[in-house]
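Number 23 in the working numbering belongs to position 23 of the sequence shown; there are no gaps in the numbering. Beta carbons: idealized from backbone N, C-alpha and C, even for Gly. From a predicted model like this one, the values you see are computed outputs, not experimental measurements. Single-structure report; data block below.
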Amino acid sequence: MTTYTDIGPYVPEPDFPSWIAKKGLPQSYAELFSWPREQLQDEYDKLHSSWKELKQRFDDKTQEYEKVHNARVAYMEHHGIEQWSDLDENVDQHHILEKDKFMKTVANINNERAGLKEQISSTYPALPLIYGIIHQIYTNYEKICDDERSTHGLASSNSWDPRWRYIGPLQNPFWKLGPSSSDFVLHLD
């Protein structure tokens, strides 16, 4: 079932450069619709490669976090420590030093993951836009506005709703970019 929230009427940005600015995309993208196909493809390939690399680094850091977490749990179990706060500062100095190493390592990994996640989030939004222009899903700014208008206030929906067959990758949650594919795929189950 498709449901909507009452958030008022859809008001598009006055022009494509304004829309680009609102989305936080580079101002050089204001002319995307006039770029030659080769330039669009080069930009898409560059962004896709960057996105894949960032995603792989994020996944690697997640695995590193899991290893450290498991090592911490194993250390605590091996030494009969239920909670770090149970340790005595005078008697358990060695365990406290180990705890501090674990915590510092976890904090560093989480900081790196947060930075990578931010970079991924800033790289990804341009991909469906450029893909949509390359594949003529978006032939002009009005088509982007049509998709935004169609999904404005949408609270929930499912993949069986026929609307998703006509909405491009910018507004369509069923378009997915796979890590091994340079193409978006529409997943309507």
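Query	Result
Opening and closing residue of the alpha helix (DSSP H) in which W19 lies	16 to 23
Selected residue, minimal CA-CA separation from L47, among N70, Y124, Q136	Y124
Under 8 Å between C-beta atoms of Y141 and W35	no
Where L97 falls, given that 16 or more other Cβ within 10 Å makes a residue buried	exposed
Rounded distance between the beta-carbons of L177 and Q119, thought under 8 Å	Actually they do not touch by this definition, with Cβ atoms about 16 Å apart.
Rounded straight-line distance, which links the Cα of L127 to that of E64	28 Å
First and last residue of the uninterrupted beta strand (DSSP E) at W175	175 to 177
Reference D6, options R165, G153, I167, closest by Cα	G153
Other residues of its chain near S50: CB distance less than 8 Å, five sequence neighbours each side excluded	T123
Distance between N172 and P26 (C-alpha atoms, nearest Å)	22 Å
Spatial neighbours of E112 in its chain, beta-carbon cut-off 6 Å, leaving aside the 5 residues before and after	K61
Reference V11; option with closest CA among A74, S150, G80	S150
Classification of D147 by the beta-carbon crowding that lies within 10 angstroms, buried from 16 upward	buried
Assumed close pair W164, F174 - CB separation to whole angstroms, cut-off 8 Å	5 Å
Terminal residues of the alpha helix (DSSP H) in which T5 lies	Looking at the DSSP string, T5 is not in any alpha helix (DSSP H), and its letter there is neither H nor E.
Cβ shell of P89 (< 8 Å), same chain only, five flanking positions each side left out	According to the sequence displayed, residue 89 carries Glu and not Pro. Cβ within range, chain order: I96.
Pairwise C-alpha distance: E66 and P9	46 Å
First through last residue of the alpha helix (DSSP H) which encompasses I96	93 to 123
For K99 and W84, believed in contact at Cβ under 8 Å, the rounded distance	5 Å
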